[in-house]
Every structure is written in structure tokens, then in C-alpha cells.
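Everything on this sheet refers to the single structure shown next.
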Amino acid sequence: MKRTLVSFLVLALLLSPASGCGRKNGKTQPEKLPVPETSVLQESDFPAFIVSDHMDKTNENYYAFQLEHVLYLAAVWGKKPSGGYSINFVEYNENSDHSMDVYLITKSPGKNENVSTVITYPGAFVRFYPQAPVSTVRFHVDGKKAADVVPLRITAPVEEVIVELYFGSPNACLYLEPRPVPICFISASITEQAEILFRQLLAGSQSLDSGFRVIPDGTRLLDAAYDEREKLLIVTVSAEFANAAGSAGELLAVYSVVNTMAQIEGVDYVTIQIDGAGLSHMDQLEQLSFNDYLVEQG
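Following the numbering used here, the numbering of the sequence shown begins with 257 at its first residue and continues without gaps.
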């Protein structure tokens, strides 16, 4: 009876889940999940700077990019002689060791399939939002392992917009100098745009002799206000602005500000108010408009 009981217990132990049945090397195999439709991207939806700066579509390549909390993956199949070729992400799994496996399938045109004869560069693009940074992405194509890729950690470039700054030149004219500023300038209010432009003027020209400045040192922007009905921007500057050298210097200082501010959408006129001082050679600093005559012609 004891021998029969022992044999039964041994058999039960061998068949129990604790014995490791259904496991490989003591570890459960992660379940493959279908790639959600919301994760699949067109190339046009993939960050453009990644495609242009980090990818080569002419050869077969596999890419992984960690951009903040988003994981972008791309598989490019290289240059093909015609249409009818495709590569697509179909399944994936996230592993406990913070790695990821992704599975792709390819399709080639059949012998009798009517396809375009133009050269194509088939590719597949997806994005995921993993709970933790992914250490390695293993790409599997048509059931075979294709590549192990460590995600490249990247940051998005700061998008910029070009503004036009007017600086006084030694020729007693205004010199137009384009300058990039953060793209948030576009969405800023009129008074915020005025503050941004004034700071750029105070920073000085990047092309002209830094020793030649028409806006006097120490000048500060104290306030900016906007009269929507009059389309009038009112800028209040510190008393140092009145220290411009001579009548010509004062004229260039004033229109350096006016011409620069006139590019702001909605601003037709600019009034300059000087805190506690006045310009000796300027009778009128109210409702000035863009002065094309002073701009140096190239």
C-alpha cells in the first residue's frame, strides 16, 4: 500500500504545473499580441527629422528610436525595382527584461501581377508607448530573426521661424538681418512678440561690427501695450534710449524698433514712450509706421 501511494505521489508531482510542464527553461513564453491599428503609421506620420537625419531607405534596415516616452520603430526593405512589394508589422510582445520582439511579414509581387514599374522603397512604421524604456528590440521577418536594435535616444529639434530685425549700419541706414527664433513666436500674443523682438534687437547684429550699435547700452523694454482699434503698438523703454548719438543716431534707433515691430501681424503703427526723458531731435514719436526709405538696399 505504501509503495502504491509513493508511486502515485511521484506521478502526480511529475504531472503538476510546479514541475515545469508548459515552460521553457523555467520561464513562460510571452504572448504575441497583434499590433494595434492605432500604432501603425504612414511614413508621413513618422517624425520627419528622424527620417531625414537617421534613416537610409535605399538598403534593408531596422530602426528603433526612443523619443521621450514614445518608441518609434521602422523597417525598410530597401530599393525595389517596381511596386507590389510591402513589409508590415503584425505582432509584438514586451518582455519582463524590458526587451521587445516585433514580427513582420513581407510580400513580393507575383509573376503575373500587374504592378507599377517605378522604383519603390517599401517600409513599415509603428509607434508604441511602453511603460518603461525598452532596452533592445528584436526584429523578426517572415519567421526569421532579422536584427537586434538598441533604441537610439533622441530629442526633437526646436522648430524655428524666421523674423526680420533692423539694425543701424555705419552707412546711416537700417540693415535687414533675418534671424531664427523658436516657433512659439507665432502663437505668442502681440505684446509677447514685441518683447521677443526687442530682446533680439538688444542682443545686437550677428553680421555687422558689434562695436556699432544705435540702441544705447543699458536700454530696457519696460512695457508693451496694444491698441487693437488703432492697430497701434505702444512700447515704453528706459531713459537710456535717449542717449542715442546725435540726430542721425536717434533716427536709426527709433526706426530700428519701429521697422522691426511693424512685422507683427495686426501692427500698423508704433509709438515709443521713453520713461523720464525725451529725444531732443525727434518732435514726434507717436504712431510711426514702417520706414522703407531708411532700409539699406542690397
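Backbone N, C-alpha and C fix where the C-beta goes; we use that ideal spot for every residue, glycine too.
Okay, do the stretch 507-516 and the stretch 428-442 touch, 3+ Cβ pairs below 8 angstroms being the bar?
yes
Assign N515 to one of two classes, buried (16 or more other C-beta atoms within 10 Å of its C-beta) or exposed (fewer than that).
Locating residue 515 in the sequence shown gives position 259, where the first residue counts as 1. That one is buried.
Straight-line CA distance for D312 to D398?
In the sequence shown, counting from the first residue as 1, residue 312 sits at position 56. In the sequence shown, counting from the first residue as 1, residue 398 sits at position 142. Approximately 22 angstroms between the Cα atoms of the pair.
Identify the residues that DSSP records as bridge partners of P290: which are they?
Position 34 of the sequence shown holds residue 290. E347.
Tell me which same chain residues have a C-beta within less than 6 angstroms of the C-beta of A500, skipping the five on either side of it?
Taking the first residue of the sequence shown as 1, we reach residue 500 at position 244. Hits under 6 angstroms: P472, E506, A509.
Segment limits, beta strand (DSSP E) that includes L477
Here residue 477 is taken as the residue at index 221 of the sequence shown, counted from 1. Run containing L477: 477-483, per the beta strand (DSSP E) assignment.
Exposure of S512, with buried meaning 16 or more beta-carbon neighbours within 10 Å
Indexing the sequence shown from 1 puts residue 512 at position 256. Buried, because 16 or more other Cβ atoms sit within 10 Å of the Cβ of S512.
Please name the residue in E324, G379, E287, L329 whose C-alpha comes closest to that of T314.
Here residue 314 corresponds to residue number 58 of the sequence shown, with the count starting at 1. The shortest C-alpha separation from T314 is found at G379.
Alpha-carbon spacing of I452 relative to V419, whole angstroms:
Here residue 452 refers to the residue found at position 196 of the sequence shown. Here residue 419 refers to the residue found at position 163 of the sequence shown. Answer to the nearest angstrom: the Cα atoms are 10 angstroms apart.
So the candidates are F345, Y422, Y341, P337; which of them puts its Cα closest to the Cα of Q519?
To locate residue 519, count along the sequence shown from 1; it is residue 263. Checking every option, the nearest Cα to that of Q519 belongs to Y422.
Expressed to the nearest angstrom, what Euclidean distance is found between the alpha-carbon atoms of D404 and M356?
Translated into positions along the sequence shown, residue 404 becomes position 148. Translated into positions along the sequence shown, residue 356 becomes position 100. Approximately 10 angstroms, taken between the alpha carbons.
Using the Cβ count rule (16 or more neighbours within 10 Å means buried), how would you classify S555?
Residue 555 is absent from the model: the chain starts at 257 and stops at 554.
By how many angstroms is the C-alpha of K487 removed from the C-alpha of D524?
Taking the sequence shown and counting its residues from 1, the one referred to as residue 524 is at position 268. Taking the sequence shown and counting its residues from 1, the one referred to as residue 487 is at position 231. Their backbone Cα atoms lie some 5 angstroms apart in a straight line.
For A504, name the three-state secondary structure that DSSP assigns.
Locating residue 504 in the sequence shown gives position 248, where the first residue counts as 1. Correct three-state label for A504: helix.
Exposed unless 16 or more other CB atoms sit within 10 angstroms - verdict on P303:
Here residue 303 corresponds to residue number 47 of the sequence shown, with the count starting at 1. Buried.
Please report the residue range of the beta strand (DSSP E) in which A495 lies.
Along the sequence shown, one-based indexing puts residue 495 at 239. Run containing A495: none; DSSP gives neither H nor E here.
When you compare each of F441, T492, R476, D548 to E521 by their alpha carbons, which one comes out closest?
Here residue 521 corresponds to residue number 265 of the sequence shown, with the count starting at 1. The shortest C-alpha separation from E521 is found at F441.
Measure how close the beta-carbons of V382 and P407 come, nearest whole angstrom, since I'm counting them as under 8 angstroms.
By 1-based counting over the sequence shown, the position of residue 382 is 126. By 1-based counting over the sequence shown, the position of residue 407 is 151. That pair is no contact at about 13 angstroms.
By DSSP, does S308 sit in helix, in strand, or in coil?
To locate residue 308, count along the sequence shown from 1; it is residue 52. It is helical.
Cβ neighbour criterion (16 or more within 10 Å) applied to T475:
As a working note, residue 475 is residue 219 in the sequence shown. Its Cβ being crowded by 16 or more others within 10 Å, T475 is buried.
Expressed to the nearest angstrom, what Euclidean distance is found between the alpha-carbon atoms of L329 and A320?
If you number the sequence shown from 1, residue 329 lands on position 73. If you number the sequence shown from 1, residue 320 lands on position 64. Roughly 5 angstroms separates the two Cα atoms.
C-alpha gap between F454 and L297, whole angstroms:
Taking the sequence shown and counting its residues from 1, one reaches residue 454 at position 198. Taking the sequence shown and counting its residues from 1, one reaches residue 297 at position 41. Their backbone Cα atoms lie some 42 angstroms apart in a straight line.
My understanding is that T376 touches K336, with C-beta atoms under 8 angstroms, so please give their C-beta distance in whole angstroms.
Indexing the sequence shown from 1 puts residue 376 at position 120. Indexing the sequence shown from 1 puts residue 336 at position 80. Indeed they touch by this definition, with Cβ atoms about 5 angstroms apart.
Alpha carbon to alpha carbon, how far is V326 from E299?
Against the sequence shown, residue 326 aligns to sequence position 70. Against the sequence shown, residue 299 aligns to sequence position 43. Their backbone Cα atoms lie some 16 angstroms apart in a straight line.
Quick one: grab the DSSP three-state call for T207.
Any answer about residue 207 is impossible in this case: the structure gives the chain only from 257 up to 554.
Quick check: E350 and Y359, are their CB atoms within less than 8 angstroms of each other?
Working through the sequence shown from its first residue, we reach residue 350 at position 94. Working through the sequence shown from its first residue, we reach residue 359 at position 103. Cβ distance not < 8 angstroms, so E350 and Y359 don't count as in contact.
Apart from the five residues on each side of it in sequence, which residues of its chain come closer than 7 angstroms, Cβ to Cβ, to L464?
Position 208 of the sequence shown, counted from the first residue, corresponds to residue 464. Hits under 7 angstroms: F423, S425, Y431.
Short Cβ contact (8 angstroms threshold) for A480 with T447
Working through the sequence shown from its first residue, we reach residue 480 at position 224. Working through the sequence shown from its first residue, we reach residue 447 at position 191. For A480 and T447, yes; Cβs fall inside 8 angstroms.
Residues that S355 bridges to, as DSSP identifies them:
The residue labelled residue 355 in the question sits at position 99 within the sequence shown. Bridge partners of S355: T392.
Of the choices G339, D548, E496, E293, whose alpha-carbon is the least far from that of N368?
Looking up residue 368 in the sequence shown gives position 112. Per the Cα distances, G339.
Helix, strand or coil at D404 according to DSSP, with G and I counted as helix:
One-based indexing of the sequence shown puts residue 404 at position 148. DSSP places D404 in strand when its eight states are reduced to three.
Would you kindly check if the distance between the Cβ of L323 and the Cβ of K412 is under 8 angstroms?
For this step, residue 412 is matched to residue 156 along the sequence shown. For this step, residue 323 is matched to residue 67 along the sequence shown. Note on identity: in this sequence residue 412 is Ala, with Lys being the wrong assignment. In contact: A412 and L323 (Cβ atoms closer than 8 angstroms).
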